[in-house]
Amino acid sequence: MVRSAWLLAALAGLLSSSAALAQGFVFETRQQNPANYRPPGLKILSQRAVPYGEEVVGIYAIRDAEDIPDGKRIKIWRERANDVKVANETIRCDTTAPMRITGRGDQMLMLELNPGGAVGPHNEESHLIWWAACVPEQTGNDPNTLQAIAQELGFSGLLIERQHVLPGRPR
Numbered sequence: 005m006v007r008s009a010w011l012l013a014a015l016a017g018l019l020s021s022s023a024a025l026a027q028g029f030v031f032e033t034r035q036q037n038p039a040n041y042r043p044p045g046l047k048i049l050s051q052r053a054v055p056y057g058e059e060v061v062g063i064y065a066i067r068d069a070e071d072i073p074d075g076k077r078i079k080i081w082r083e084r085a086n087d088v089k090v091a092n093e094t095i096r097c098d099t100t101a102p103m104r105i106t107g108r109g110d111q112m113l114m115l116e117l118n119p120g121g122a123v124g125p126h127n128e129e130s131h132l133i134w135w136a137a138c139v140p141e142q143t144g145n146d147p148n149t150l151q152a153i154a155q156e157l158g159f160s161g162l163l164i165e166r167q168h169v170l171p172g173r174p175r
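Residue numbers (my numbering): 5 to 175.
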């Protein structure tokens, strides 16, 4: 009997103090906003609403690729409400073989592009990235409106777009 009275008193004391303890320990589960960590010089290529926020694709750190004629090395920024991924890619800007070299898991993708040609949902991102890397003053413009500029740069608009999937990661 004495033991049960002691347990009741201890339980009552614990319950009354738990409210006071809870007030002293406030835990917040705020997620960091990835937009606060965007790198300097990031050029936004696309923004769209997705479940739980917004998806942003951008390009930065554009530099010449010394080992590829008319080549560029770039970083692609993919931002979602609770996630950021950065990918290193290579772009070929020449008029004979414009290309985006990227990766998907353990595969390397070589995307042959047709600047000045038809652009749809299947290749829009590649064209946005290509124009931002190769013709920076056209960054963010709709690639479907750039046929005349592509022809001025020497592109026919008649190249066949292809995708080559190779084993291994791009370098």
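For glycine and all other residues, C-beta sits at the position ideal for the given N, C-alpha and C. Predicted model only: the values in this text are computed from it and were never measured.
- With a 10 Å radius around the Cβ and a threshold of 16 neighbouring Cβ atoms, GLY120 comes out buried.
- Per DSSP, reduced to three states, the secondary structure at LEU170 is strand.
- Counting the other CB atoms within 10 Å of its CB gives HIS168 a total below 16, which places it among the exposed residues.
- Three or more beta-carbon pairs separated by less than 8 Å link the stretch 96 to 108 to the stretch 67 to 80, which places the two stretches in contact.
- Taking a contact as a CB-CB distance under 8 Å, the pair ARG104 and TRP134 counts as one, their CB atoms being some 6 Å apart.
- In this structure the stretch 53 to 68 does not lie against the stretch 146 to 153, because fewer than three pairs of beta carbons, one per stretch, are closer than 8 Å.
- Per the C-alpha coordinates, the member of TYR64, GLU116, ALA65 and TRP81 positioned closest to LEU163 is GLU116.
- Boundaries of the alpha helix (DSSP H) around GLU129: 128 to 138.
- In this structure, the straight-line span from the alpha carbon of PHE159 to that of GLN151 is close to 9 Å.
- Put simply, of ARG52, THR106, VAL139 and ASN92 the residue whose alpha carbon is nearest the alpha carbon of ARG84 is ARG52.
- Around the beta carbon of VAL123, 16 or more other beta carbons lie within 10 angstroms, which makes this residue buried.
- Counting only residues of its own chain and dropping the five nearest sequence neighbours on each side, LEU49 has a CB closer than 8 Å to the CB of VAL61, GLY62, ILE63, GLU129, LEU132, ILE133, ALA136, THR143 and GLY144.
- Rounded to whole angstroms, the Cβ separation of VAL88 and PRO38 is 5 Å, and the two are in contact under 8 Å.
- Taking the CA atoms as reference points, ILE66 sits about 30 Å from PRO55.
- The Cβ atoms of GLY107 and ALA91 sit closer than 9 Å to each other.
- The three-state secondary structure of ALA65, taken from DSSP, is strand.
- Residue ARG166 holds the alpha-carbon nearest to the alpha-carbon of PRO102 among ARG166, ILE78, PRO140 and GLN36.
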